[in-house]
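A.B. asks:
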Amino acid sequence: MTALPVLDTEGDGASRAGSLLRQWRLHRRLSQLELSNRAGVSTRHLSFVETGRANPSRELLLHLGRSLGMPLRDCNRLLLAAGFAPVFGDAPLDAPEQRDTLAAVQRVLDAHEPWPALVMDRHWNLVTANKAAMMFVEDVSPQLMTPPVNVLRVCLHPDGLAPRIANLGAMAHHVLASLQRQIDGLGDPVLVALADEFRGYVAHVDIEDHDGDHGLAVTMELRRGDATLRFVSLIATFGSAVDATTSELTIETFLPADDATADALLETRL
Numbered sequence: 000m001t002a003l004p005v006l007d008t009e010g011d012g013a014s015r016a017g018s019l020l021r022q023w024r025l026h027r028r029l030s031q032l033e034l035s036n037r038a039g040v041s042t043r044h045l046s047f048v049e050t051g052r053a054n055p056s057r058e059l060l061l062h063l064g065r066s067l068g069m070p071l072r073d074c075n076r077l078l079l080a081a082g083f084a085p086v087f088g089d090a091p092l093d094a095p096e097q098r099d100t101l102a103a104v105q106r107v108l109d110a111h112e113p114w115p116a117l118v119m120d121r122h123w124n125l126v127t128a129n130k131a132a133m134m135f136v137e138d139v140s141p142q143l144m145t146p147p148v149n150v151l152r153v154c155l156h157p158d159g160l161a162p163r164i165a166n167l168g169a170m171a172h173h174v175l176a177s178l179q180r181q182i183d184g185l186g187d188p189v190l191v192a193l194a195d196e197f198r199g200y201v202a203h204v205d206i207e208d209h210d211g212d213h214g215l216a217v218t219m220e221l222r223r224g225d226a227t228l229r230f231v232s233l234i235a236t237f238g239s240a241v242d243a244t245t246s247e248l249t250i251e252t253f254l255p256a257d258d259a260t261a262d263a264l265l266e267t268r269l
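Note that the sequence shown ends on residue 269 in numbering that gives the first Met the number 0; no numbers are left out.
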């Protein structure tokens, strides 16, 4: 799948909201019948909503948005298209109301020491990290560390972490496949552009046929000095978030995949 089409700004609110709903339904590859069954709404009424012949309530739009698995930010966009005020907060992370969220995130990161951990936004831009994660940016080009720092770009760029990743082919396959699944779910044009950019970085790398070659999880094998550190990553999100910005945060912790890596990380904390 590719990016969702740009919202048509012509017509009244009902037409704009209906058009956006239809785009999401098609992106999810659902027929009107399938969505109506999922949402418990008649096919006829759904058709009227999509074509702008019905003026849906805010509650119906939110219900249809949830039935389509739309992210909170896109549910807000749907409401705005119909002329309603958004219901989910979306203040930027540097806003005062996000202070408690960031403090909670930092406590999580600090608790994971000496395992590296970092937080990213919906486009994989770095929000914050713990001290242990600084090992990942050793020898990374300063140009790649100019904000906003994109974590996936740092990982795959030739001037980034890529030369130190012993199993770059497997990691590139994993990163690109994960990014494509995110594109399939969100249709975000920024992610589409990033995927195209990253494929260019690893065009010379064999990224095929790595599925099933690494046991239960893909490991990242990172060269550091004379040692090779092996990590598996753990992803966490805010499952109960009712704020769009918070719901888009991802916490990734890199756990040691073997005793040698665990010992090396523990020694750095002493």
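Built from N, CA and C at the ideal position, the CB exists for glycine as well.
Quick one: grab the DSSP three-state call for Ser-232.
C.D. replies: In this structure, Ser-232 counts as strand in the three-state DSSP scheme.
A.B. asks: Grab the span of the beta strand (DSSP E) containing Glu-220 for me, first residue to last.
C.D. replies: Start and end: 219-223.
A.B. asks: Using the beta-carbon count (16 or more within 10 Å), is Arg-15 buried or exposed?
C.D. replies: Answer is buried; the Cβ neighbour count reaches 16.
A.B. asks: Under 6 Å Cβ to Cβ from Glu-231, same chain only, skipping five residues before and after it: list those, please.
C.D. replies: It should be noted that the sequence gives Val, not Glu, for residue 231. Excluding sequence neighbours, Val-231 sits near Ala-216, Thr-218, Leu-254 and Ala-256.
A.B. asks: State the Cα-Cα distance for the pair Val-118 and Leu-143, rounded to the nearest angstrom.
C.D. replies: Spanning the two alpha carbons is a distance of roughly 17 Å.
A.B. asks: Using only the alpha-carbon positions, how far apart do Glu-112 and Thr-145 sit?
C.D. replies: Their Cα atoms are separated by approximately 25 Å.
A.B. asks: Around the C-beta of Asn-36, are 16 or more other C-beta atoms found within 10 angstroms, so that it is buried, or is it exposed?
C.D. replies: Asn-36 should be labelled exposed.
A.B. asks: Among Leu-233, Ala-240 and Gln-179, which has the Cα closest to the Cα of Leu-193?
C.D. replies: Of the candidates Leu-233, Ala-240 and Gln-179, the one whose C-alpha sits nearest the C-alpha of Leu-193 is Gln-179.
A.B. asks: Going by C-alpha to C-alpha distance, which of Leu-60, Gly-51 and Leu-25 sits closest to Val-40?
C.D. replies: Val-40 has its Cα closest to that of Leu-60, out of Leu-60, Gly-51 and Leu-25.
A.B. asks: Rounded to whole angstroms, what is the Cα-Cα separation between Met-0 and Arg-21?
C.D. replies: Confidence at Met-0 is low in this model, with a pLDDT of 49, below 50, so the placement of that residue should be treated as unreliable; the coordinate-derived value is given next. Met-0 and Arg-21: Cα-Cα distance of roughly 15 Å.
A.B. asks: Find the nearest neighbour of Val-174 within the set Ala-128, Gly-238, Phe-197 and Asp-120, judged by alpha-carbon distance.
C.D. replies: Selected option, being the one with the closest Cα: Phe-197.
A.B. asks: From this set, Phe-83, Arg-121 and Asp-109, which residue's C-alpha is nearest Pro-91's C-alpha?
C.D. replies: Measuring from the Cα of Pro-91, the nearest candidate turns out to be Arg-121.
A.B. asks: Take Val-201 as the anchor and find which of Pro-162, Gly-184 and Ile-234 has the nearest alpha-carbon.
C.D. replies: Nearest of Pro-162, Gly-184 and Ile-234 to Val-201, Cα basis: Pro-162.
A.B. asks: Ends of the beta strand (DSSP E) at Ala-116?
C.D. replies: Its beta strand (DSSP E) spans residues 116-119.
A.B. asks: Closer than 7 Å by C-beta to Ala-263: which residues in its own chain qualify, once you throw out the five before and the five after it? Chain order, please.
C.D. replies: Contacts found: Ala-226 and Leu-228.
A.B. asks: Report all residues from its chain with a CB closer than 6 Å to the CB of Ala-80; omit the five preceding and five following residues, and keep chain order.
C.D. replies: Closer than 6 Å at the Cβ level, and outside the excluded window around Ala-80, lie Arg-15, Ala-16 and Leu-19.
A.B. asks: Give the DSSP bridge partners of Ala-128, in chain order.
C.D. replies: Ala-128 pairs with Leu-117.
A.B. asks: Please state if the CB of Ala-102 and the CB of Leu-108 are separated by a distance shorter than 8 Å.
C.D. replies: Result no, Cβ atoms of Leu-108 and Ala-102 do not sit closer than 8 Å.
A.B. asks: What are the residues that DSSP puts in a beta bridge with Leu-254?
C.D. replies: According to DSSP, which records beta bridges pairwise, Leu-254 is partnered with Val-231.
A.B. asks: Rounded to a whole number of angstroms, what is the C-alpha to C-alpha distance between Ala-169 and Leu-221?
C.D. replies: Taking the straight line from one Cα to the other gives about 12 Å.
A.B. asks: Let me know if Leu-248 comes out buried or exposed under the rule of 16 or more other beta-carbons within 10 Å of its beta-carbon.
C.D. replies: When all chains shown are included, Leu-248 counts as buried.
A.B. asks: Just to confirm, is the Cβ distance from Ala-53 to His-62 under 8 Å?
C.D. replies: Not closer than 8 Å, so no.
A.B. asks: Compare the Cα-Cα distances from Leu-67 to each of Leu-265, Ser-56 and Gln-31 and report the closest residue.
C.D. replies: Taking only the C-alpha atoms, the option nearest Leu-67 is Gln-31.
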